[in-house]
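Visitor: Protein chains in written order, with the numbering used here: chain U, 1490 to 1980; chain B, 545 to 1033; chain A, 43 to 639; chain E, 229 to 302.
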Amino acid sequence: MDNITSFSPALAVLASLVGAIMILVFRKQPNIREGVSLAAGISKFLIIATMIPAVMEGRLIELRLWDVLPGLPIMFRVDAFGLLFGLIASFLWIFTTLYSIGYMRTQKEHAQTRYFFCFAIALSSTIGVAFSANLFTLFIFYEILTISTYPLVVHIETPEAMRAGRKYLLYLLTAGVFFLFSILAVYHYTGTTDFAFGGILEGKGIPENMLKLLFVTFMIGSAKAAFMPLHSWLPSAMIAPTPVSALLHAVAVVKVGVFTATRIILYVFGIDVMKETGLALAMAYVAAFTIIVASLFALTHDNLKKRLAYSTISQLSYIILGVVMLTPSGITGGMLHILNHAFMKITLFFCAGAIIVAAGKEKISEMNGIGKQMPLTMLAFTLGALGMAGTPATAGFVSKWFLLIGSVEIGQIPLLLVLLASTFLNVAYFFPVIINAFFKRPDKELSYREAPLFMLIPLILTGIFSIILGILPDEPLAMVRIAVANLMGGK
Amino acid sequence: MIEHFPVLIIAVGLLGAFFTPIIGLIRKELCSPWASLITLLQFLISIFLLYQVLAAGNISYWLGGWQPPWGIEYAIDILNAFVLVLVAGVCFSVSIYAKKSLGFEVPGKELPLYTLYILLSTGMLGIVVTGDIFNLYVFLEIGSLAAYALIAVGDRQSLMASFNYMIMGTISASFILLGIGYLYVMTGTLNMADLSERLPELYGRPVILVALALLVVGLSIKTALFPLHTWLPDAYTHAPSAVSAMLAGTFTKVGIYALIRVMFTVISPEYVIETVPVMNILSWVAAAGIVAGSVLAIAQYDIKRMLAYSSVSQIGYIILGVSMANKLAMTGGILHILSHSLMKVGLFMVAGAIIYRTGIRNIYQLKGMGKKMPFTMAAFVIGALSMIGIPPTIGFASKFYLAWGALEAENWVFVAVILLSSLLTAVYFWRIFENVYFGVHEHEEIKKDEVPLSMLLPILIFAAITLLLGLFASLPIGVIEHWVTGVLP
Amino acid sequence: MIDWVPPGIVLIAGAFLIPFLKGRAKRAYLLLLPVITFIDLFFMADGTGWAVPFMGYNLVFGQVDRLSMAFGYVFVIMAFIGMLYALHVKEDGQHFAAFLYAGSALGVVFSGDFLSLFVFWEIMAFSGVFLIWYSRDKASRDAGMRYLLVHVFGGLSLLAGIVIRLVNTGSLEFGSLAHGGLDSYLILLGFMVNAAVPPLHAWLSDAYPEATITGAVFLSAFTTKTAVYVLLRAFSGFEILIWFGAAMAVFGVAYALLQNDIRRLLAYEIISQVGYMIAGIGMGTMLSLNGVTAHAFTHILYKGLLFMGAGAVIYTAGKRKFTELGGLYRTMPLTLGLYMVGALSISAVPFFSGFVSKSMIVSASAHEHLAPVWLLLTLASAGTFLLVALRLPYFTFFGKDSGIKAKEPPVNMLLAMGFAAFLNILIGVYPAILYNILPFPVDYVPYTGEHIVWTVQILLFTALGFFLMRDKLMSQPAISLDIDWIYRKGSRAFMWFVEKPLSAAAQLPVRIFLRIADYLMWLGKNPTRAVSLYASTAIFRLLGRFPGMPPHASEKLLENAWKNYPGEPVKKSPVGDSVILVLILMAVYAIYYYIVT
Amino acid sequence: MGSLKNRKVLKYLFYAGLVIAVLADFLMHREKIELPWDAVPGFNAMYGFFSTILLIIVLRAAGYVLLKREDYYD
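1. Look at the alpha carbon of Gly914 (chain B) and the alpha carbon of Tyr1639 (chain U), and state the distance between them as a whole number of angstroms.
2. Using C-beta distances below 8 angstroms, list every residue in its chain close to Leu1573 (chain U), excluding the 5 sequence neighbours before and after it, in chain order.
3. Just grab the DSSP bridge partners of Phe1565 (chain U) for me.
4. Hey, quick one: how far does the alpha helix (DSSP H) through Gln499 (chain A) stretch, first residue to last?
5. For Glu215 (chain A), which beta-bridge partners are listed by DSSP?
6. Give, in chain order, every residue of the segment 928-959 of chain B whose Cβ lies closer than 8 angstroms to some Cβ of chain A.
7. If you reduce the DSSP assignment to three classes, tell me which class Pro95 (chain A) lands in.
8. Would you call Thr211 (chain A) buried or exposed, if buried means 16 or more other Cβ atoms sit within 10 Å of its Cβ?
9. From Asp155 (chain A) to Gly326 (chain A), what does the alpha carbon distance come to, in whole angstroms?
10. In terms of residues, what are the limits of the beta strand (DSSP E) holding Tyr605 (chain B)?
11. Quick one, are the C-beta atoms of Val806 (chain B) and Val672 (chain B) less than 8 angstroms apart?
12. Taking the alpha carbon of Thr714 (chain B) as the reference point, which residue from B:Trp775, B:Tyr726, B:Phe770, B:Lys643 has its own alpha carbon closest?
13. Looking at the structure shown, is Thr1681 (chain U) part of a helix, part of a strand, or coil, going by DSSP?
14. Rounded to the nearest angstrom, what separates Tyr310 (chain A) and Val295 (chain A) at their Cα positions?
15. Give me whichever residues DSSP pairs with Tyr297 (chain A) in a beta bridge.
16. When you compare the CB of Ala730 (chain B) with every CB in chain A, is at least one pair closer than 8 angstroms?
17. With contact counted as at least three CB pairs below 8 angstroms, one residue from each stretch, are the segment 1731-1748 of chain U and the segment 1577-1591 of chain U in contact?
18. Along the chain, where does the alpha helix (DSSP H) that runs through Glu410 (chain A) open and close?
19. Could you tell me the boundaries of the beta strand (DSSP E) in which Glu685 (chain B) lies?
20. Have a look at the DSSP bridge pairing and note the partners of Val1846 (chain U).
21. Within 10 angstroms of its Cβ, does Ala600 (chain B) collect 16 or more other Cβ (buried), or is it exposed?
22. What does the Cβ neighbour count give for Asp103 (chain A), buried or exposed, with the cut at 16 atoms within 10 Å?
23. Of the residues A:Tyr115, A:Pro95, A:Phe62, which one's Cα is nearest the Cα of Pro76 (chain A)?
24. With a CB to CB cut of under 8 angstroms and the five nearest residues on each side skipped, what residues in its chain are close to Val894 (chain B)?
25. Quick check: the Cα distance between Pro49 (chain A) and Ile1845 (chain U), rounded to an integer number of angstroms?
26. To the nearest angstrom, how far is the alpha carbon of Met823 (chain B) from that of Leu886 (chain B)?
27. Cβ closer than 9 angstroms: which chain D residues qualify as neighbours of Trp1555 (chain U)?
28. Considering just the uninterrupted stretch of the beta strand (DSSP E) at Glu617 (chain B), what are its terminal residues?
29. Which of helix, strand or coil does DSSP assign to Leu1503 (chain U)?
30. Where does Met1517 (chain U) sit, in a helix, a strand or coil, going by DSSP?
31. Considering only residues of the segment 805-887 of chain B, which uninterrupted alpha helix (DSSP H) runs meet the minimum length of 4 residues and lie entirely inside it, listed in chain order?
32. Taking the straight line between their C-alpha atoms, what separation do you get for Gly1022 (chain B) and Ile1956 (chain U)?
33. Just tell me which of B:Phe719, B:Gly687, B:Ala783 has its CA closest to the CA of Ala632 (chain A).
34. Quick check on Met628 (chain A) - is its C-beta less than 8 angstroms from some C-beta in chain B?
35. Return the Cβ separation of Gln136 (chain A) and Tyr176 (chain A) in integer angstroms, given the expectation that the two are a contact with Cβ distance under 8 angstroms.
36. Leaving out five residues before and five after Ala298 (chain A) in sequence, what residues of the same chain have Cβ atoms less than 6 angstroms from its Cβ?
Spelled out as structure tokens, the structure:
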């Protein structure tokens, strides 16, 4: 079917950019400022949502803006995969904005304007990445995302935060450099950076060693996906305010990394090249290694946000693993996990933040009896944790199911075992939190109660969503299936 | 009238410089607007010239109607016109900024300052516009002398800095003069076009090799190519901020222009690339300069000094691009002339603005500046990000082409140097970001205290152009590629 | 057909209403829910119903046949009894978990495909563990965690098998798997974990004694029996199971003998009793399968009763160990009496429920001429009587007086026990009630003369043995090692490995990287000075002093130089140096050009 | 129930029961012989008794290895 030309993708990116500027303008009136933020989030989501019907018909929405460099235009192309990611990010931004309002006000944080401003920019670039039609456009937004999230990471401005921020930059800017190199090389060899369903590197006469080198640099470039050994920025970045960890370091930034890696693997290298060079399997084992080792590290961390961070690292590699399986089921599982993990992990982070705000606790070992004081929060946490463990009737199960099928389809029983072992470890590191919260008696009488409603409502809703997605996965599944069908192209 | 524009751009400058003292005697305050007016005229003329070159091809103007081999020819092709616009534009913008900045840093010296300012501008434009190699030397001396003097009016240590610069500059000038002399002796002509026709027969003669070495070393000093950059940090640090800004944006670039002109049009590309490995050596030196300049910049805590070392590094980029001598790299190099000018002028102007408001030069004392001078610092951020090469800024565009060129040359070391050194750049700029924006919230409320509009406006305009040209980098690239394809095989 | 709802769903969905009810209404509701479910059961028609599309598969929530109905009945009855027993508990969470647990067990029973089976399977594991955790002490938290992890392991094995099967055959249908192949072995492994087949049994004896008093009643009923149900469906006639089962029956009894904790003893007894069922499944004859179904049915009733009795003791006496209990018969005669009904049932005393079911399996082994199996099962039978009907009541209710002033438990507990006891006797006396709902037509007659005589012989002589050697059966305050030793000790070693060597190894590259970065930062502060420092240090090392300077002065100078680093960054580069540099470069260029051309 | 006399009565009743159970076996008609010992009267009594003794003895022995202090895992 024909592609549609529409300004919607650009509008979606602009919505939060305009929002960002308005936030600066209204920096003196917190209520208007945050209202703007919320309005930007909602309008962004609505704009993106208008694209659903066309994409669900299997059409692509295109917009070619102008050539930044000769032959390298800023260009958007919305396909099912990008749209899915865009929908997730923008939808969750609405909740995160509400949550942020609660969090920032209760904590009486400084520099709230900067916070909301950077948040809006980060969201803009996330959507930009989601809708990019070529590597070049993607890279621009990718870099903007790095820069715009830095102030959020170092928000509390303690020496420790500054150190974490430096580490963040060190990893991500270095990644950017490698990414740039890879793009250059792709452009150099193929004369295009446009994503294509079959990949663009096939049949270009590129030596196999060069392909392998390119793949390595590309993967270093997608360090935002936080697979090992390029993961250590993520736990450090947990020093950021919790809403940031929740949306950016569980959904936007890391998912941009994963999204980018997926785009590269499937739309730049293409299934055939990945298979023939054996890169897919190698990457699968990198991901598998990450899944296991990150889970093991999660076991050792007493700080809840750190534990969540390692869990994120592990779960992100699920997505990569699914994608490099290169079978319809594997890819479906991987793409779906972007969605499912987003809802579950954001719930968990929201809970962690609510606990910080209400109880002032960050360590799991200090959370004894918290379930009695904050039952709803901990209930949502339990839902999230169940989802992470991939228990049936949660979102996590749906994606895990497809991943498992994928691993069997490619005949890699070790990968199957890795996925299963990870589930096991997920239970092992999440349930102690729940046990502490509900079944350990606190040392002294606890006086705090649930976090403010602004925080409580989003976390309950996302928690419920992560169950609904597990029970009624058909809508997102349909979208992912379109993406996969495009990729497989009748194969 | 229109056909006299090539000479008019010089004549306006020389006359302007001549009349400055007179105007200054009438009213001292008029010097600054006068200088702005003159540079504006030069700017407008240069824009027109660029337009004409693009529209109608190269311009050849015979001074006094004398035919080239004997008379002086002003020959303008795309490269000239491009650099002309850049230089004149920077000179004009900085002249607006200079009014307050110079008035604050070196009060009461408007009269000599603006005279020299116009002379410097004219000297540089002359270098660019001329088609006669000796004439080039003459304008180089005019510009250099003006620059020595301008630097000397800075702070207490500026005299020493200026003296060092003068010695190095003079050595450079002598080398260049000697080189030109050898060429003249061998060919009997000073006209560039003529030279390029006659030289090929003489290739292989040791004299040419010596001339080449003299020119390369001489111009390396002028462009402050590592390791001959030693004059530059001191000079930029101690000169008045407006002068630093102007010099950083233009004078070294003009040196690079001269290098390109001499190496690729006077002497042929084949010769400097294939027969004698001039470019090969230059490229390795430049690569070393990129790294060394960045590392040295990291070591600095005086903001202007840091920017100066950063210039050393960035010049390395330009020369690396030029000396890799393939189309992409050359495009990148020339584009980087533009982008570095835009960024560095902006950054120096910000440094000047900070000094103007607070007198602080140490980057670790800049705490809270982000709240005190939000617009200025926002411009600084854009400039710095462009230096690092974050898209969508012009700095990214030029680095993209430079790295692409290195890839085309299949020189992996250069690819790595070009790309990874942006991380070093990030290191020294991020220290400033950290200090400017973070770590002050527990202190008392900081009042907004921006610089006057005449300073702020140029700063913002440079930042805006950095960003805009980054978004629409195809425009300058198209122009440059046009020239590069004509020159390189 | 919406005239009936899968009973599991009724319980699970119904559980969500609990938090919204208060007081008497809540209690009524708690009892009403199983009753509604029971009524729902009667409306279920044979065949396949409630197929729900999910992810492109058809989930069958209602596969109804005689087998599933038999399990369905007893599960619902037990849910009712358990809830009655737990009626005094104030925490909604416990009731919620219990209903979820019982409901998911029902869900498994009526699942027609592997995916929905797995769904309920996992809900069962995750809700069951809460019944343990609600004890709220350290032992229960740890044991619960272990319980959960073992079940997750089992569930994963099941899932792996299901997925492999799906990929290989394209079908999710839940049917016989007794043909071998990786998928069926994995599924078997998953089932066997829940059935607590040694060596996968330790979770049961580890966790059940730590569960809440009421929770243990539920737990004893469902997990193992759903496993028996699925094994029955998928692996009947899978011969290896006979031997697993027989060994298991003896193993459970043997380990039960070592226990000091009354509920741990009963927990091991579950293993033993499930052993009969596993063996029966392995035999795969109509008689044995009927026997398995019947035994599962009665086992739920009498084991529930036993756990209720033990729970009542713990509830009122506050103690749970033989070494701490004794002489309670005076104050708790009702409890003792009801407990003994259960004990006699499990011992297969004629006219109690166990007799009519267990003998079917034992007879089946005889029919198949499996002599060793018969011997093992009978041995276990003797042991069971010894333990449950003799040792436990003897040391708890009689024996030395512990001086505990216990009284009878609350009336709801007694009612629950009474109801269970009634059913046990009813089935024992009128086995037809049970036989009518078994999956296959029954022509088995339990009450034959020889059968009764033999049973009585075994029981009486076992009792003789007990009375002769009862001093040897005195407990010590000790715990017995079991397979869980491997993971309890192993997990510690593993965590040590993760925390120490692995974390250190992971930190190493980061640390090296950071050290390099730090060094570069240091170097960056004043590179020229740093280089000269290195150079002068080298000179000092080589010569022992600086030229023209005594050694100690040189040393001091060097020391100061290092101390003063970075000092002022380079301010001036002397012009002279630059000039020399220029000349050198000039010469180098000229010479080099000359050489190259 | 607690008195000594009652106990004694119970004991004798118990012994009587043992004897009756074994004797009854001799009179019992066997429908079919499925296992070798089905024909042996009193086999079940023997088996029950000895298996009990065996169980107790073996496990007392095993207890030395398998039983640990209650704080073994802490």
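Note that CB positions come from ideal geometry on N, CA and C, so glycine has one too.
Guide: The short version:
1. 15 angstroms
2. Met1824, Ile1827, Leu1828, Pro1965, Met1968, Val1969, Ala1972
3. U:Leu1552, U:Ser1621
4. 491-511
5. A:Asp155
6. none
7. strand
8. exposed
9. 22 angstroms
10. 603-606
11. no
12. B:Trp775
13. coil
14. 7 angstroms
15. In the DSSP output, where bridge partners are listed per residue, Tyr297 (chain A) has none listed.
16. Sequence check: residue 730 (chain B) is Met here, not Ala. Chain A contact via Cβ: absent.
17. yes
18. Glu410 (chain A) -> no alpha helix (DSSP H), and no H or E assigned at all.
19. Not the beta strand (DSSP E): Glu685 (chain B) falls in the alpha helix (DSSP H), residues 677-696.
20. None; Val1846 (chain U) has no bridge partner.
21. exposed
22. Note that residue 103 (chain A) corresponds to Phe in the displayed sequence, not to Asp. Buried: at least 16 other Cβ atoms inside 10 Å.
23. A:Tyr115
24. Thr920, Met921, Ala923, Phe924, Gly927, Ile1003
25. 42 angstroms
26. 26 angstroms
27. Absence of chain D from the displayed structure is noted, the protein chains being U, B, A and E.
28. 617-620
29. helix
30. Per the sequence shown, residue 1517 (chain U) should be read as Lys rather than Met. Looking at Lys1517 (chain U) - three-state DSSP - the assignment turns out to be coil, as it is neither helix nor strand.
31. 822-843, 847-868
32. 55 angstroms
33. B:Phe719
34. yes
35. 5 angstroms
36. Leu307, Tyr310, Glu311, Leu429
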